[in-house]
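I have placed the structure first, in the form of structure tokens, so that the comments after it can refer back to it.
Numbering (UniProt numbering), first residue to last: 1 to 114.
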């Protein structure tokens, strides 16, 4: 996909320092809030697990905001991988899987609620 930079839009976003951070779970939201103590420009919400819940929560936050956001960030804590990544590590995916409804495990299907 080719991206076209609109300087007028870019300039308005650069001036607007408000940042929306969306996480899927409360633990990730709390971790972001802990790192951003006292940062008035930061709005953090737990949007729910999965693309649909996260997308709906993000869209709702964007349309109901008092002002426009200059940046929207999707963040997580990779809480399921503590044996592979130390707390505070940056994790970069080598592949992505859609597991919004659950995932296959060696013991069978594991629902998202489990």
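From the three backbone atoms N, C-alpha and C, an ideal C-beta is built for every residue, glycine too.
Item: Three-state secondary structure (DSSP) of residue 75; Value: coil
Item: Close Cβ partners of residue 29 (< 6 Å) along its chain, the five nearest in sequence each way excluded; Value: 23, 44 and 46
Item: Residue 19: first and last residue of the uninterrupted beta strand (DSSP E) it sits in; Value: 19 to 23
Item: Buried/exposed call for residue 34, threshold 16 Cβ in 10 Å; Value: exposed
Item: Terminal residues of the beta strand (DSSP E) in which residue 44 lies; Value: 42 to 46
Item: Strand pairing of residue 111, partner residues [DSSP]; Value: 102
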